[in-house]
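Everything below concerns the one structure shown next.
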Amino acid sequence: MNSKERVSATMNHKEPDRVPVMCQLALGHYFLNCDYSPSQIWFNTETFANALVDLQRRYEFDGILVNLPGRPPNWKGKLKSYKKVDNTEYLYWKSGLETVVPPDDNPRTYRAGQTALGRADYKSVDVSSPATYRLPGYVWNTWHIPELWDIDPQADLSDPTAYPLSFTSTLKKVKELAPDVSVHAEVFSPFTHLLELFGYEQALFALIDAPRKCHEVLAAFTRQVLAQIKLYAGCEPDAILVSSAFAGAGFISRQMYKEFVAPYEDEAFRAVRSSGLKPYVHTCGAIGDRLDLMAQTAVDGIDTLDPPPLGTVDFTEAKSKYGNRFFFKGNLDAVNEMLNADDRTFEQAVKKRLKIGKPGAGYILSSACSVAPYVKPERLKKLAELAKQFGKY
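Residue numbers (the working numbering): 135 to 527.
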């Protein structure tokens with residue numbers, strides 16, 4: 135079996151030759167472990183695609199998550215100046231914005247003088263007027279670029295034709311470079327868009343103070359997510375991940391999840407399914423109390439499954455109750471079992487997940503959340519070795 139076939143069988147609850155391995159790496163990990171500058175990985179489509187494939191091959195992962203959209207080929211033309219000081223890169227844009235790119239973490243974009251970018255005001259935002267919510271800070275946090283280059287400021291982003299060809303360019307390039315690997319695309323949950331738009335604190339206030347407005351915004355962002363799903367689906371990835379990092383109990387209650395998250399994500403899951411692809415969701419932290427609500431949506435798989443103390447998922451219980459309903463990916467504690475653990479603790483943790491997850495198929499060995507920048511490459515290579523040794527069917 136090649137990697138694409140191995141992951142496909144697993145997502146369809148069919149026994150592969152062994153448990154597949156697929157971790158999402160923090161961007162800082164690419165910055166530290168690839169022979170490209172961090173700004174090039176972040177802003178250059180071809181460089182990022184090469185970085186994704188380079189580390190997939192180095193660690194023998196069976197899948198790649200393309201978690202940044204493609205960049206406009208003329209992005210450098212938007213730059214006014216550039217400098218590098220003590221391994222940190224500084225990009226100054228003609229628009230007046232500034233992006234700081236550290237050597238081991240995601241870039242941050244600021245106004246001139248590194249002052250914070252603004253957020254939309256939930257009391258005055260109007261979903262029919264893009265000028266009230268299409269802000270640089272929001273754009274950066276969901277598109278990972280300072281501004282929506284090459285897109286008409288008044289464009290209706292629920293229309294797939296409003297997006298530039300570059301939007302899907304990274305996904306296409308990765309598929310070209312790794313034809314035998316399971317390649318997945320990523321879109322953001324409408325709820326993530328809401329939090330990024332207003333800022334986390336104000337967004338949580340808005341859920342209580344202005345629920346009707348929140349539903350209007352969520353509906354608008356759902357239409358945009360559906361457009362992006364259509365674009366990605368046209369490139370024929372093997373699955374589409376809905377990134378919903380902030381929908382766990384650490385942010386919102388079970389009832390709020392049921393009202394503000396599940397209905398809108400369900401539209402996204404159904405759109406992925408209708409394209410003939412597998413939808414799965416990435417939600418960090420405490421989700422043990424809402425697996426049953428996830429089971430009521432059209433999602434096929436769940437990513438992260440953080441165990442205590444980072445989350446609340448008992449993997450044995452989740453596998454017993456929902457192993458036939460979902461495929462699972464994750465559950466390795468990214469901090470205490472991967473980053474900070476000694477070799478014996480790490481290997482025991484991996485073997486434990488393989489023992490729980492392997493029966494009946496439907497399990498992809500992975501860190502619960504993203505692999506931290508400073509996890510040693512040798513440790514990540516060990517994942518595939520252990521899966522080959524203890525994950526065979």
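Don't be surprised by glycine CBs; every beta carbon is placed ideally from N, CA and C.
Nothing here was measured: the structure is a model prediction, and the numbers come from that model.
If distances are taken between C-alpha atoms only, which option among the options comes closest to residue i?
i, options, result
"VAL254", "LEU291, HIS327, THR222, ALA312", "First, the residue type needs correcting, since residue 254 is Ala and not Val in the sequence shown. The shortest Cα separation from ALA254 among LEU291, HIS327, THR222, ALA312 belongs to HIS327."
"SER303", "GLU330, ASN178, THR417", "ASN178"
"SER171", "ALA432, ASN136, ARG487, ASN221", "ASN221"
"PRO397", "GLY204, LYS212, ALA429", "ALA429"
"SER173", "VAL141, GLY252, ARG242, TYR267", "ARG242"
"ASP426", "SER408, ARG388, THR438", "ARG388"
"LEU338", "PRO413, PRO270, TYR256, GLY252", "TYR256"
"LYS212", "TYR226, GLY204, PRO203", "TYR226"
"PRO413", "MET390, LEU186, TYR391, ASP437", "ASP437"
"GLY252", "VAL234, ALA185, GLY333", "GLY333"
"ASP400", "LEU375, CYS418, TYR272", "LEU375"
"ALA289", "LYS515, ARG459, LEU365, GLN358", "GLN358"
"TYR272", "GLN523, TYR224, TYR244, VAL235", "TYR244"
"ASP450", "GLN523, HIS163, PRO345, LYS492", "Checking the sequence shown, residue 450 turns out to be Thr, not Asp. For the residues GLN523, HIS163, PRO345, LYS492, the minimum Cα distance to THR450 belongs to LYS492."
"TYR224", "TRP176, THR181, GLU180", "TRP176"
"ALA483", "LYS455, PRO511, LYS516", "LYS516"
"LYS455", "ARG424, ASP477, LEU291", "ARG424"
"TYR391", "GLU471, PRO345, GLU180", "PRO345"
"LEU488", "TYR366, PRO313, TYR527", "TYR527"
"ARG191", "PRO313, LEU202, SER292", "PRO313"
"LEU291", "ALA353, GLU335, ASP169", "ALA353"
CB residue i to CB residue j, shorter than 8 Å?
i, j, result
"GLY494", "HIS278", "no"
"THR144", "PHE461", "yes"
"PRO507", "ASP343", "no"
"TRP89", "TRP274", "With the chain represented from 135 up to 527, any question about residue 89 goes unanswered, as that position is not in the structure."
"LYS453", "ILE490", "yes"
"LEU305", "PRO371", "yes"
"LYS486", "VAL315", "no"
"PHE195", "MET156", "yes"
"GLY422", "VAL447", "yes"
"GLY464", "ALA402", "no"
"VAL200", "GLU330", "no"
"GLU281", "SER229", "yes"
"LEU473", "VAL509", "yes"
"PHE301", "PRO324", "no"
"ILE285", "PRO270", "no"
"LEU189", "LEU166", "no"
"ALA521", "TYR193", "no"
"ALA361", "PRO294", "yes"
"PHE322", "THR266", "no"
"CYS418", "GLY382", "yes"
"TYR164", "ALA185", "yes"
"GLY368", "ASN240", "no"
How many whole angstroms separate the CB atoms of residue i and residue j, which I take to be in contact at a CB cut-off of 8 Å?
i, j, result
"SER378", "HIS416", "6 Å"
"GLU232", "ALA246", "6 Å"
"ILE363", "VAL406", "6 Å"
"PHE394", "LEU341", "6 Å"
"VAL308", "ALA183", "5 Å"
"ARG152", "GLY384", "Not confirmed; about 34 Å, so no contact."
"ALA420", "GLY457", "Actually they do not touch by this definition, with Cβ atoms about 20 Å apart."
"PRO154", "GLY197", "7 Å"
"SER504", "ALA468", "7 Å"
"LEU311", "VAL187", "5 Å"
"VAL219", "VAL351", "Wrong, their Cβ atoms sit about 39 Å apart, outside the cutoff."
For residue i, which beta-bridge partners are listed by DSSP?
i, result
"LYS526", "ARG152"
"PHE322", "SER377"
"TRP227", "LEU213"
"LEU242", "Residue identity check: residue 242 is Arg in the sequence provided, not Leu. Note: ARG242 sits in a beta bridge opposite VAL234."
"SER501", "LEU466"
"LYS412", "ALA373"
"VAL317", "ILE198"
"ILE386", "Note: ILE386 sits in no beta bridge, so no partner."
"PHE461", "GLY435"
"VAL219", "THR222"
"THR249", "ARG245"
"LEU159", "VAL505"
"THR417", "THR438"
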